[in-house]
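Residues -18 to 131 in our numbering are what the sequence shown lists, from first letter to last.
The next block holds one structure in the form of structure tokens; read it before the comments.
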Amino acid sequence: VAELDVDISTLACINFIGYSFRNSYNNVRVEKVISTEYFVVCPKIPVDESVWTYPFAFEKDNRRRDYKFCLFLISTGNKQLKISNTGKFGISASPLNLDENHVFGGIIGGEGIVSSICNGKIMPDGRPAKPFSIKSISIVNNPFPMTQPH
């Protein structure tokens, strides 16, 4: 269960939700585990594709600086423009250096699963020895509710 920081990382959240609605994260494997710190999820999305015609923004939520279990973008795009046209994201098991990582949310349920993936056996190329997949991502609460008419 993830909490998205819509108020701080608005564009990143909109894109993440858009990819989720398009089922881009269904049956996606954990691609790589970096030590015991975090793992990377890499959907098969063309590099130049983004939702709502906008790319992910490299936004940072400094409130989560010392938190474990952050949801963050893997920066693979244009660092000068501070944008990325990727759907790759990571989930951390330890606090991150926010100067390099672009946090747009955090895990608020299932922390044990994240820890078990990060602390499991890792192949020399970084892949987990036991494959892990995200079955699907569902949005259970609308972060942009319509205001009631007055």
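Cβ coordinates follow ideal geometry from the N, Cα and C atoms, glycine included.
Self-check item: Exposure label - Ala110; buried when at least 16 CB within 10 Å
Solution: That one is exposed.
Exercise. Mind the definition here: the region 84 to 93 touches the region 106 to 121 only if three or more C-beta pairs lie below 8 Å; say whether that holds.
Key: The region 84 to 93, when compared against the region 106 to 121, does not touch it at the 8 Å Cβ threshold.
Practice problem: Can you tell me which of Lys69, Asp42 and Cys51 puts its alpha carbon nearest to the alpha carbon of Gly90? | Solution: Here the closest residue by C-alpha is Cys51.
Self-check item: Beta-carbon proximity list for Val95, same chain, < 7 Å, skipping 5 on both sides
Solution: Phe50, Ile72, Ala74 and Ile88
Quiz item: What are the start and end residues of the beta strand (DSSP E) that includes Ser73?
Solution: Phe70 to Ser73
Exercise. Whole angstroms is fine: what's the gap from Phe(-3)'s alpha carbon to Lys13's?
Key: 20 Å
Quiz item: Buried or exposed: where does Val22 fall if 16 or more other Cβ atoms within 10 Å of its Cβ makes it buried?
Solution: buried
Self-check item: Bridge partner(s) assigned by DSSP for Ala(-17)
Solution: Ile88
Practice problem: Within its chain, find whatever has a CB closer than 6 Å to the CB of Glu92; leave out the 5 residues flanking it on each side and keep chain order. | Solution: Once the five neighbours on either side are set aside, the close Cβ partners of Glu92 are Phe50.
Quiz item: CA-CA distance, Val28 and Ser5?
Solution: Because Val28 carries a pLDDT of 48, less than 50, the predicted location of this residue cannot be relied on, and no value is offered for it.
Quiz item: Does the distance from the C-beta atom of Asn78 to that of Thr17 stay below 8 Å?
Solution: Taking 8 Å as the Cβ cut-off, Asn78 and Thr17 do not qualify as a contacting pair.
Exercise. Evaluate Lys69 with the Cβ neighbour count: other Cβ atoms within 10 Å of its Cβ, from every protein chain shown; 16 or more gives buried, anything less gives exposed.
Key: buried
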